[in-house]
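**Student:** Residue numbers (our numbering): 2 to 115.
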Amino acid sequence: MAMKDYSDEFKADAVALYGSTPGATYKSIAADLGVNRATLREWVLRDRERRGVSAMGAKPAVSHRAAAGPGDPDERVRQLEARVAEVEASERKLATERDILRKAAKYFAGETNW
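#1: Taking only the alpha-carbon atoms, compute the straight-line gap between valine 88 and glutamine 80 and give it to the nearest angstrom.
#2: Report the rounded CA-to-CA distance for tryptophan 44 versus alanine 31, giving the unit in angstroms.
#3: Starting from the Cα of aspartate 9, find the closest Cα among Gly53, Glu112, Val54 and Asp48 and give me that residue.
#4: Classify lysine 107 as buried or exposed, calling it buried when 16 or more other Cβ atoms lie within 10 Å of its own Cβ.
#5: Hey, is phenylalanine 109's beta-carbon within less than 8 Å of any beta-carbon in chain D?
#6: From threonine 22 to glutamate 112, what distance separates their C-alpha atoms?
#7: Can you have a look at alanine 15 and say buried or exposed, based on whether 16 or more other CB atoms are within 10 angstroms of its CB?
#8: Apart from the five residues on each side of it in sequence, which residues of its chain come closer than 6 Å, Cβ to Cβ, to tyrosine 7?
#9: Ends of the alpha helix (DSSP H) at aspartate 33?
#10: Tell me whether serine 21 sits in a helix, a strand or coil according to DSSP, three-state version.
#11: Quick check on glycine 53: buried or exposed, where buried means 16 or more other Cβ atoms within 10 Å of its Cβ?
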């Protein structure tokens, strides 16, 4: 199988997508982008090394909501804040995916010579 040559911009976008997706795995993001899982992992590790971020704690795990009684307003506020954070992370992921797709569409539109 021939090796593909990805642009630095594509690699940076892929790393950003992985980093902005809570609970994402290399496998899921790589499948979405059509790249090999090990390739994406290598890009992420290189980016972390470049930024000086350790592999431990670089991507926090998704926290599960604790069950609270209906009468505890502080717990309810914490749950809502956690949900807002999840929605904002999802929005960042979708914006990154949209940007990647726009760039890909622009690239492929320029490649066609009909």
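The beta carbon of each residue, even a glycine, is placed where N, CA and C say it ideally should be.
**Tutor:** On the basis of the coordinates in this document:
#1: Looking up residue 88 in the sequence shown gives position 87. Looking up residue 80 in the sequence shown gives position 79. Rounded to whole angstroms, valine 88 to glutamine 80 spans 12 Å at the Cα level.
#2: Residue 44 sits at position 43 when you count from the first residue of the sequence shown. Residue 31 sits at position 30 when you count from the first residue of the sequence shown. Approximately 11 Å, taken between the alpha carbons.
#3: Counted from its first residue, the sequence shown places residue 9 at position 8. The shortest C-alpha separation from aspartate 9 is found at Asp48.
#4: Walking along the sequence shown from the start, residue 107 turns up at place 106. So lysine 107 ends up on the exposed side.
#5: This model lacks chain D altogether; it includes just one protein chain.
#6: Working through the sequence shown from its first residue, we reach residue 22 at position 21. Working through the sequence shown from its first residue, we reach residue 112 at position 111. Roughly 30 Å separates the two Cα atoms.
#7: The count along the sequence shown starts at 1 and reaches residue 15 at position 14. Its Cβ being crowded by 16 or more others within 10 Å, alanine 15 is buried.
#8: For the purposes of this step, residue 7 is taken as residue 6 along the sequence shown, with counting starting at 1. If we look at tyrosine 7 and ignore the five residues flanking it on each side, it has no Cβ neighbours.
#9: Working through the sequence shown from its first residue, we reach residue 33 at position 32. Segment 27-34, the alpha helix (DSSP H) holding aspartate 33.
#10: Here residue 21 refers to the residue found at position 20 when the sequence shown is read from its first residue. In the structure shown, serine 21 sits in coil (DSSP, three-state: anything other than H, G, I, E or B).
#11: Counting from one through the sequence shown, the residue named residue 53 turns up at place 52. Classification for glycine 53: exposed.
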